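Beneath this line is the structure, given in structure tokens, with notes to follow.
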Amino acid sequence: MTTRQDESSEYERVQAGPEFQELRRRYRNWAFPVTVGFLVWYLLYVVLSGWARGFMGTQVFGNVNVALIFGFLQFVSTFLIAWAYARHADKKLDPLSDKLRGEMEGTSNE
Amino acid sequence: MSNHALSITLFVVFVAATLGITFWASRHTKDATDYYAGGRSFSGVQNGMAIGGDYMSAASFLGIAGIIALSGYDGFLYSIGFLVAWLVALLLVAELMRNSGKYTMADVLAFRMSPRPVRTAAGVSTIIVSIFYLLAQMVGAGALVGLLFGITSDAGKIGTIVVVGILMIVYVVVGGMKGTTWVQIVKAVLLMTGAALVTLLVLGRFGFNLSSLLGTAAEQSGKGNAFLNPGLKYGVEAKGLTSKLDLISLGLALVLGTAGLPHILIRFYTVPTAKEARKSVIWGIGIIGVFYLLTLVLGFGAAALVGSKAIAAQNKAGNTAAPQLAEKVGQLIFGDVGGTILLAVIAAVAFATILAVVAGLTLASSSSFAHDLYAHVFKKGTASEQEEIRVARISAFAIGAVSIVLGIFAQNLNVAFLVALAFAVAASGNLPAIIYSLFWKRFNTAGAVSAIYGGLASAVLLVIFSPVVSGTPTALFPNVDFHWFPLENPGLVSIPIGFLAGYIGTVLSKEYNAAKYAEIEVRSLTGAGAEKAVYH
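As they're listed, the protein sequences go chains A and B.
According to the working numbering, the stretch in the first sequence is residues 6 to 115, in order.
According to the working numbering, the stretch in the second sequence is residues 10 to 545, in order.
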């Protein structure tokens, strides 16, 4: 960036700055691994439903079997990830992005 | 009063109330931001309910309960895919789209590209996805009305399709995004209340013992314990590997399709900030998740109390399982009058559900036509705001008229696959382009255009040559056979093609705009320069 510092836009200056880099890191380091995680967890469930019928049909208590519990766990994990993301965004992302937006827009816009 | 007269009365009350809201909304719709994005003035909670309203189609409500009632456990796979998909929207798409776009999906895709080719591609894809989905809903409405309101004549079905079409046109043309959003909110409340009521009655009938409900369901289904295991619908048929791969293909399309559905994406523009967009998706996840848990009880409850045989006798696909269950459980607990009332309520709610979903789809496709194709491609950005809204209203009218006509012609065809196809196109064409646009620095015009057309074309072609179009008794054309692609759902092949096409298109072209990438990246994460809400 050093060679074009003068002609680069405000967006490029912010993008190169340490605070934005930190915001980006915090966002990506959370969102990307978790996305891979829940996709793998979901595909595991689909694959087991296709290939491991015997295991999925094992009764755990009463008429409730592994397949049903696995399905419920998908609901539970979805709710938990949504909740955890909201918490992460509130605590780690919003303060930084609010600060950067405030600096870029000044006080005139709000 | 018969149950049909009562359902129709309840439905008329719903229509009157939503039309009232729509005309109220029209008085508060002054500029393009109001028409396309509801002035961006909805709260996260309101938009979360509207997300539920847009997403919980009659296919989810009646269809999933029906699949569970007939095939047991396998119906659950659909609900899980439909729900988990929202995490993709929450983590990767919703907030960043809100910050970088304006009215349509194409706003984000064309942000740092040469606008005309990218907007054309995104507009075409938006309109195709929405019309596939819309057509499936319209035909479904024609079929449902016989079951719900006792109208079975051809003239009655055509009349229903016409009425649904006219109502959705009025909602969209008159109320724009504001009116349509309120219709979704009202519908979501009604649907959740209706489904929760029947669920409670069913659970109460079994002493709130899930195991006893499942046991009775398995017994009454005539399939025993296999009813509670995966595999009744997928995988027991002869071709073992194919149907297992089909299951994975379907799973992929469901989980990756949602975040590429245009009528879902434009919902993120109706709130004032990215934070509210996040909140709305979290509310949406809560509402949709609870709803799918309810449909699980409805499906197993229908199998247990009505019996799979009685359900299949009324509708082969099981689409009437939920209304039949409502009637039965009402009868068992409150006597004949209770059964009649509960059936009427659920039938009216199911119909309200169709109406709200088709309105959302009409709005998404007409907005894209006016904003992307007309204003930016044909007029190269010279059209005035008023002119653009006028074109949006005219195209909502035209798209509505076209879907009425297509819906009438297609009413006796098996078009259920169109919903799966819409999800597959959204996952194969739209999602790769959105993800690359937001996260890949090097992405460019050639990449965006190849991702969209590549994913779109491969999904559509593979479906044309699949067993859902020809070669099987349940196909669209059962009497001819030109299928060579073995899977019913193209996702397993077409989604990788979409991502690959986007990659290859990008690296083959030298175009790259560092300044615009900086702008979209900073803007998407911080909201600096994002479109503001308007309050009148």
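All residues carry an ideal CB built from backbone N, CA and C; glycine is no exception.
Since the model is a prediction, treat every value here as computed from it, not as a measurement.
Requested in this report: Leaving aside the five residues before and after Leu-465/B along the sequence, list all residues of the same chain whose C-beta is less than 6 Å from its C-beta, in chain order.
Outcome: Ser-134, Val-434 and Gly-438
Requested in this report: Compare the C-beta of Val-264/B against all C-beta atoms of chain A and say whether one is closer than 8 Å.
Outcome: yes
Query raised in the report: Closer than 8 Å, CB to CB, is Arg-30/A near chain B or not?
Result: no
Query raised in the report: My guess is that Ala-419/B and Val-148/B are in contact by the Cβ rule of under 8 Å, so how many angstroms apart are they, rounded?
Result: 5 Å
Query raised in the report: Along chain B, in chain order, which residues have C-beta atoms closer than 8 Å to that of Phe-84/A?
Result: Ile-294, Gly-295 and Gly-298
Query raised in the report: Phe-66/A lies in the alpha helix (DSSP H); which residues open and close that run?
Result: Premise fails: Phe-66/A lies in the beta strand (DSSP E), 64 to 66, not in any alpha helix (DSSP H).
Query raised in the report: For chain B, is any of its Cβ atoms less than 8 Å away from the one on Arg-106/A?
Result: yes
Query raised in the report: Whose C-beta lies closer than 7 Å to the C-beta of Val-171/B among residues of the same chain, with five residues either side of it excluded?
Result: Ile-413
Query raised in the report: Between the Cα of Lys-389/B and the Cα atoms of Pro-124/B, Asn-218/B and Thr-161/B, which residue gives the shortest distance?
Result: Pro-124/B
Query raised in the report: Within 10 angstroms of its Cβ, does Arg-532/B collect 16 or more other Cβ (buried), or is it exposed?
Result: buried
Query raised in the report: How is Val-543/B classed by DSSP in three states: helix, strand or coil?
Result: coil
Query raised in the report: If we ignore side chains and look at the alpha-carbon of each, how far apart do Tyr-50/A and Phe-66/A end up?
Result: 20 Å
Report task. Measure the beta-carbon distance from Val-489/B to Ser-479/B and round it to whole angstroms, keeping in mind my assumption that it falls under 8 Å. Result -> 5 Å
**Report entry** Close Cβ partners of Glu-110/A (< 8 Å) along its chain, the five nearest in sequence each way excluded
**Finding:** none
Query raised in the report: What are the boundary residues of the alpha helix (DSSP H) that includes Asp-88/A?
Result: As written in the sequence, residue 88/A is Trp, which differs from the Asp given in the question. From DSSP, the alpha helix (DSSP H) with Trp-88/A extends over 71 to 93.
Report task. Identify which residue in Pro-441/B, Ala-78/B and Ile-296/B has its Cα closest to the Cα of Ile-513/B. Result -> Pro-441/B
Report task. State the CB to CB distance for the pair Leu-212/B and Val-306/B, rounded to an integer number of angstroms; the pair is presumed to be in contact (CB under 8 Å). Result -> 6 Å
Query - Those residues which DSSP pairs with Ser-479/B across a bridge - result: Phe-486/B
Query raised in the report: Hey, is the stretch 189 to 199 of chain B in contact with the stretch 446 to 462 of chain B, meaning 3+ C-beta pairs nearer than 8 Å?
Result: no
Report task. Give me the Cα-Cα distance between Val-367/B and Leu-382/B, rounded to the nearest whole angstrom. Result -> 21 Å
Query raised in the report: Quick one: what does DSSP say Ser-123/B is sitting in, helix, strand or coil?
Result: coil
**Report entry** Ser-220/B in three-state terms, based on DSSP
**Finding:** helix
Report task. Report yes or no: do three or more beta-carbon pairs, one from the stretch 275 to 284 of chain B and one from the stretch 48 to 56 of chain B, lie closer than 8 Å? Result -> yes
Requested in this report: With a 10 Å radius around its C-beta and 16 neighbouring C-beta atoms as the bar for buried, classify Leu-265/B as buried or exposed.
Outcome: buried
Report task. Please report how far the alpha carbon of Ala-5/B lies from the alpha carbon of Lys-104/A, in whole angstroms. Result -> The structure shown does not extend to residue 5/B, since chain B is modelled only from 10 to 545, so the question has no answer here.
Requested in this report: Can you tell me which of Arg-29/A, Glu-15/A and Val-71/A puts its alpha carbon nearest to the alpha carbon of Pro-100/A?
Outcome: Arg-29/A
Query raised in the report: Between the stretch 116 to 136 of chain B and chain D, which residues of the former have CB atoms less than 8 Å from a CB of the latter, in chain order?
Result: Structure shown: chain D not included; protein chains present are A and B.
Query raised in the report: Does the pairing of the stretch 351 to 364 of chain B with the stretch 197 to 210 of chain B give three or more beta-carbon distances under 8 Å?
Result: yes
Query raised in the report: To the nearest angstrom, how far is it from the Cα of Thr-208/B to the Cα of Met-114/B?
Result: 37 Å
Requested in this report: Determine the closest residue to Leu-92/B out of Gly-295/B, Leu-364/B and Gly-48/B, with distance taken between C-alpha atoms.
Outcome: Gly-295/B
Query - Rounded separation between Phe-85/B and Phe-77/A - CA only - result: 10 Å
Query - Whole-Å CB distance - Lys-253/B paired with Asp-43/B, under 8 Å assumed - result: Wrong, their Cβ atoms sit about 49 Å apart, outside the cutoff.
Query raised in the report: What does a CB cutoff of less than 6 Å around Phe-75/A pick up in its chain, not counting 5 residues either side in sequence?
Result: Tyr-50
Query - Stretch-stretch touch, CB-based, cutoff 8 Å, three pairs: the stretch 307 to 322 of chain B with the stretch 213 to 227 of chain B - result: yes
Requested in this report: May I have the straight-line CA-CA distance separating Ala-330/B from Ala-431/B, to the nearest angstrom?
Outcome: 25 Å
Report task. Helix, strand or coil for Asp-43/B, going by three-state DSSP, please let me know. Result -> helix
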